[in-house]
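Each residue of the sequence shown is one higher than the one before, counting from 1 in full-length UniProt numbering.
Even glycine gets a Cβ: it sits at the ideal position worked out from N, Cα and C.
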Amino acid sequence: MDDEYEKLIRRMNPPRVVIDNDYCEHATVIEVGSIKRHGILLEVVQVLVDLNLIITKAYISSDGGWFMEVFHVTDHDGNKIRDEGILNYIEKSLENSTSFLDSFRSSPGVMLSSKDHTSIDLTGTDRPGLLSEVSAVLTDLGCNVINAEIWTHNARAAAVIHVTDESTGCAIEDPKQLSVIKELLWNRRLHQMMFADRDFERLESVKDRSSRPQVAILDCADRDYTVVIVRSKDRPKLLFDVVCTLTDMQYVVFHGTVITGRMEAYQEYYIRHIDGLPISSEAEQQRVAECLEAAIERRATEGLEFEVCTDDRFGLLSDITRIFRENGLSIKRAQISTKCGKAKGSFFVTDVSGNPVEPKTVDLIQQQIGQSILRVKGNSNPSPKLPQETARSFLFGNLFRALRFQNFKLISTNVPVTLQEPSK
């Protein structure tokens, strides 16, 4: 009954959206006011990042039952958003939004059905050649990969892969092959999968703080909040990754400030747990900090980026990843999509030891895949060390991963899927 009452209140008081292109010289300002509820901040940020907009500043504040968010956004070229179609879409999406977070209140495997493709979620221990072997298995089973996103972090790997039946071009309906699987909803699914797989439990061998984000959790006893300070190298979707993690951990942001510079981003949040209490123990503070660090690092562009663009065909992903594996490369992150008969993909790779790829290996791979198909976009070196300034002083300065699939978990399917070893 309470849920129905809350839904009625939200319908009677939809978010109020104001978009201004005149107030700020260098960015479009989007102001959103709404009834305060858990997840509203993430919901608004989701709309903006799904449009590939860059959030340069954000201010968050709640007063009683009302929540106010102000975002300064640009396109990837640093320009204001002038396209009326995009501006109208933003306004309508935010004003008519309902909480998609309700879809995630039960187990992470709850997803919507799709007749167009089958969605496979995988998590497990990361190791060189893993994506190649998964791709080979899918190809051997007659599954055509149409979209995929792969993350690795802290010796763990997670993948969301959309496949169709190679013979029909539609979702796989044969229960002996894979069965009809539920459709993936949101980008944040990968965060949930890796969080559930506890990738935030850092290995001793990778506890080098020099290239890691700086996260501080501080008490604010006089205002009954916990203060979260995050400083890291700036990149797209950084705000989303942090807010997503706080929301999934059942924390509510009451006030916040986000400021990005040319290289570094600073985020400051005043939070409480959903039960209304601030963080009460040092162990909980440490866990929140570790989870935020993991969320920021998951999407980090470690390694050399290869960009692939070519005509789509069955088994393409399997062939490309096999070439990477045979040349001793490890895929750290990848994103693949297909549209109108074309396949595009970005692969961030290192050697098996995590070191930069040697130039002779790059040349060899380009020869094997094709110069016109594979392009080297640039070398993503480790993040530079951040200035050694304490989080507390920064606070006050701103006011505040032979085949071993038994080690892999299949997260989300209607029936169990047995992945068999590909034929030799």
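Assignment of A171 by DSSP, reduced to helix, strand and coil, places it in the coil class. Runs of the beta strand (DSSP E) lying entirely within the stretch 333 to 361 and spanning at least 3 residues, in chain order: 342 to 351. With respect to the C-alpha of A221, the residue from V357, D77, S280 and S135 having the closest C-alpha is S280. Here DSSP, grouped into helix, strand and coil, assigns S281 to coil. By the neighbour-count definition (other C-beta atoms within 10 Å, threshold 16), C309 is an exposed residue. The C-alpha of G261 lies about 44 Å from the C-alpha of C143. Residue range E84 to E95 is occupied by the alpha helix (DSSP H) that includes E84. The secondary-structure analysis by DSSP pairs C143 across a beta bridge with D165. In the structure shown, C24 adopts coil according to DSSP, grouped into three states. Non-local C-beta neighbours of D275 in its own chain, meaning closer than 7 Å and more than five positions away in sequence, are absent.
For L218, the uninterrupted beta strand (DSSP E) segment begins and ends at Q214 to C220.
With respect to I54, H76 sits close: the two C-beta atoms are nearer than 8 Å. The straight-line gap separating the alpha-carbon atoms of V230 and R375 is approximately 34 Å. As computed with DSSP, E43 is found in no beta bridge at all. By the neighbour-count criterion, in which a residue is buried when 16 or more other Cβ atoms sit within 10 angstroms of its Cβ, R82 is exposed. For S62, DSSP records a beta bridge to F67.
Spanning the alpha carbons of F314 and T361 requires a straight line of approximately 26 Å. Rounded to the nearest whole angstrom, the C-alpha separation of A216 and A289 is 7 Å. In the structure shown, Q368 falls within a helical segment according to DSSP collapsed to helix, strand and coil. For L51, the secondary structure class from DSSP, reduced to helix, strand or coil, is coil. Excluding its 5 nearest sequence neighbours in each direction, G303 has C-beta neighbours in its own chain below 7 Å: K332, F348, V349, T350 and S380, listed in chain order.
Annotation note: the stretch 227 to 276 contains the following uninterrupted beta strand (DSSP E) runs of length 3 or greater, listed N- to C-terminal: 251 to 260 and 264 to 273. No Cβ-Cβ contact shorter than 8 Å links T118 with R156.
In this structure, the CA atom of E133 is about 50 Å from the CA atom of C24. In the structure shown, F306 falls within a strand segment according to DSSP collapsed to helix, strand and coil. Residue pairing by DSSP puts A148 in a beta bridge opposite I161 and I336.
The three-state secondary structure of D311, taken from DSSP, is strand. Counting along the chain, R223 sits inside no alpha helix (DSSP H), nor does DSSP assign it H or E at all.
DSSP lists V17 and E69 as the bridge partner or partners of V32.
Taking T164 as the centre and dropping the five residues before and after it, the same chain places the C-beta of D116, H117, T118, C143, N144, I146, C170, A171 and I172 closer than 8 Å to its C-beta, in chain order.
In this structure, the beta-carbon distance from A300 to V242 does not fall below 8 Å.
Take the alpha-carbon of H162 and the one of Y269: they are about 36 Å apart. The beta carbon of V252 sits closer than 7 Å to those of H38, I271, R272 and I274, all from its chain and outside the five residues before and after it, given in chain order.
A direct Cα-Cα distance of roughly 32 Å separates C244 from I320.
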